[in-house]
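The opening position of the sequence shown corresponds to residue 153 in our numbering, with each subsequent residue numbered one higher. All C-beta atoms in this analysis are idealised placements derived from N, C-alpha and C, irrespective of residue type, glycine included. Step one of this worksheet: look at the structure below.
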Amino acid sequence: MNKKLLYPILFVFMFSCKTHVNSDTVVYNNDFESGNIANIDNAILGQFNGSAVLGQYNSNANAGNFKLTLNSLPKHDLITISFDLYIHDSWDGNKTAPDGPDIWQMLVDGKTYINTTFSNDICAAGNFCSPQSYPLNYPNNYNNPKKGAYKINLPGACSLTGSNTTTQYKITKTFTHTSSTLVLQCLDKLVQSNAPDQKCDESWSVDNINIKATTL
Ligand SMILES: [Ca+2]
Ligand SMILES: [Ca+2]
């Protein structure tokens, strides 16, 4: 091989070694289209916007949480959890009783990673619109409804013809984790005691859960 050809090849080889020091392994990936609910406690399979989802959940109606347990994880230093979170219909954010606060949490191995509220209120001119805590934690944080959303004004889950809409968030958390077992829990503490149909008033679902183990 002549030298002119060898040098670029060597360069590419060295560069690619440098970028592959860390190794990522996808240890869980589920878009729910096949109906796979293995390892999930309180699984509810539903449909939203043409896609199979885990939901809809409401702690005052059918169920307010699911728990995914992964065993026998490969050796790792970090875990990254990502998924789509759909906030359906008339969530009230930081409002107080009887409307809220509408709290949503994500726990890993029993430790709280997200403790927040969401609001789907409409901020029309002259209207008070209820703030939400997300992207920060509840309490003592006041953001506009739908702040940090990936998509807004998706159809409502309960009534496609009503004024209710769905807001989509992309949740991603990376954290130190070395145990061979991982337990992911998502749950709500929704409040709407005056609604005749709680799940129709406000609910949530999850799709495209991806969990990645990284070795440093
Ligand atoms: Ca899906
Ligand atoms: Ca509420």
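What's the call for residue i, buried or exposed, on a 16-neighbour Cβ count within 10 Å?
| i | result |
| --- | --- |
| T328 | exposed |
| P348 | exposed |
| G252 | buried |
| D340 | buried |
| G262 | exposed |
| S357 | buried |
| Q199 | exposed |
| T269 | buried |
| Y321 | buried |
Just list the residues that DSSP pairs residue i with in beta bridges.
| i | result |
| --- | --- |
| L336 | L220, V260 |
| G240 | What sits at residue 240 in the sequence shown is His, not Gly. Partner(s): T318, S355. |
| A204 | Q199 |
| A365 | T177, I231 |
| K303 | Q320 |
Counting only the same chain and skipping the five closest in sequence on each side, list residues whose C-beta sits under 7 Å from that of residue i.
| i | result |
| --- | --- |
| T330 | H228, D229 |
| T264 | Q257 |
By Cβ distance, which residues of its chain are closer than 8 Å to residue i, with the 5 residues on each side in sequence left out?
| i | result |
| --- | --- |
| A195 | I189, L206, F218 |
Keeping to the same chain, check which residues put their C-beta closer than 6 Å to that of residue i; ignore five residues upstream and five downstream.
| i | result |
| --- | --- |
| K364 | D176, V178, T232 |
Can you list, in chain order, every residue whose CB sits closer than 7 Å to a heavy atom of ligand 1? Residues whose Cβ lies closer than 7 Å to any heavy atom of ligand 1, listed in chain order: D183, F184, E185, S203, A204, V205, D359, N360.
Runs of 3 residues minimum, wholly inside the stretch 259-301: which ones carry the beta strand (DSSP E) assignment? For the stretch 259-301, the full-length beta strand (DSSP E) segments reaching 3 residues or more read 263-269 along the chain.
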